[in-house]
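What follows is a short report on a single structure.
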Amino acid sequence: MALLHTSFSATTRMSGSIVAFALASFLVVTMAWGLRRRHVTVTASEIAATLPWFAVIGVAVAIGRSVPMSGPAAGFFLSPTVYLVVGGLVSGLWVILDAADIHDISQWTAVSGVFTASVVGGVSLLTADGLQLRVLVWNAAAIVMAIGITRLVLRALQNRQLSTHGWLGRGVLFAHVLDATTTGIGLERLGKIERNPISAAIIQFGDGVGPSGAVLFLFVKITAAMLVLTALDTNRDQLGRESVGLLVIAAGAGLVPAVHNLTLFALTIS
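So the mapping is simple: my numbering equals the position in the sequence shown, first residue as 1, plus 18.
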């Protein structure tokens, strides 16, 4: 009987995930059609302004892993469906702003991303059971550490006369450093484990050859971010849409797990 129940639950979750993915895909296609129909041209600055929305993805994935849900609702919080949902929301926002004849689309995109992440994350924390002050303190410590390390690395970049591509380049570095600091604190102070197999392998290797795998992971993340900035250092005066898109993706690859860590720690550690 237990085996049948487990099989039924797995089938239900899979069905819900498929339905959610189909609905999210339909949303993206519809919004893309709306942008094309209205002849909306997405500029480099508008692409850059989507970076805060990766924080929304991080919060959503953490909620999906910590809050009991079933059916299609649970599927919307799983990867890759959550990326499609957020992409559809951003595209829909652009359609609405264009219809309202609002020209400062990049500012509205960035502000709405920050607002959405703050509201969704804030509500999830307020409704969480047994929210621990010590977890919030360690989360704050991870952010402060990431800011300090980022400033030190940026100073080194400037000494080497490498372009940091403005706030977006700094965002790439900060996002990956924040991912490393939250991972390190989760491992060393909060008793968490690393789920990503690549990250876990790096940390395990660092623990085997040195004093701390978290330190090696931080070094790898900084190196990866610096390689991205160096590779895109071909034109310091003007970045095209392709280069901006690559920087946003690179930053998002660090921001999503970092925000996920911060949110998951607060929601699950009691």
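All C-beta atoms in this analysis are idealised placements derived from N, C-alpha and C, irrespective of residue type, glycine included.
None of the values given here were measured: they were computed from a predicted structure.
Neighbour-count burial assignment, residue i, 16 or more Cβ in a 10 Å radius
| i | result |
| --- | --- |
| THR248 | exposed |
| LEU151 | exposed |
| LEU205 | buried |
| LEU289 | In the structure displayed, the chain extends from 19 to 288; residue 289 sits before or after that span and is not available. |
| PHE192 | buried |
| MET49 | buried |
| ALA118 | exposed |
| ILE120 | exposed |
| ILE240 | buried |
| THR200 | buried |
Residue j beta carbon less than 8 Å from that of residue i
| i | j | result |
| --- | --- | --- |
| VAL100 | ALA80 | no |
| ALA269 | GLY184 | no |
| PHE223 | LEU234 | yes |
| GLY209 | ALA232 | no |
| VAL103 | PHE94 | yes |
| ILE216 | VAL195 | no |
| LEU154 | ALA284 | yes |
| ALA276 | ASP225 | no |
| ARG259 | ALA42 | no |
| LEU289 | ASN157 | Residue 289 lies beyond the stretch modelled for the chain, which goes from 19 to 288, so this question has no answer here. |
| ILE220 | VAL246 | no |
Rounded Cβ spacing between residue i and residue j (contact assumed at less than 8 Å)
| i | j | result |
| --- | --- | --- |
| PRO70 | ALA135 | 6 Å |
| SER124 | ALA67 | 4 Å |
| ASP116 | ARG54 | ASP116 to ARG54, Cβ: 12 Å. No contact. |
| ALA92 | GLY34 | 6 Å |
Close Cβ partners of residue i (< 6 Å) along its chain, the five nearest in sequence each way excluded
| i | result |
| --- | --- |
| VAL274 | PHE72, ILE75, GLY76 |
| GLY105 | VAL46 |
| LEU250 | SER261 |
| ARG213 | none |
| GLY52 | VAL113 |
| GLY110 | MET49 |
| GLY187 | LEU247 |
Cβ neighbours of residue i in the same chain (closer than 7 Å, five flanking residues each side left out)
| i | result |
| --- | --- |
| ARG83 | LEU282 |
| GLU64 | ILE123, SER124, THR127 |
| LEU149 | LEU143, ALA284 |
| VAL278 | First, the amino acid is wrong: residue 278 is His here, not Val. Only GLY76, VAL79, ALA80 meet the Cβ criterion. |
| GLY263 | ILE65 |
| ARG207 | TRP156 |
| LEU96 | SER35, GLY82 |
Sequence-distant residues of the same chain with beta carbon closer than 8 Å to residue i, five excluded per side
| i | result |
| --- | --- |
| ARG173 | none |
Original post:
Is the stretch 121 to 135 in contact with the stretch 145 to 162, if contact means three or more CB pairs nearer than 8 Å?
Top reply: Touching, no.
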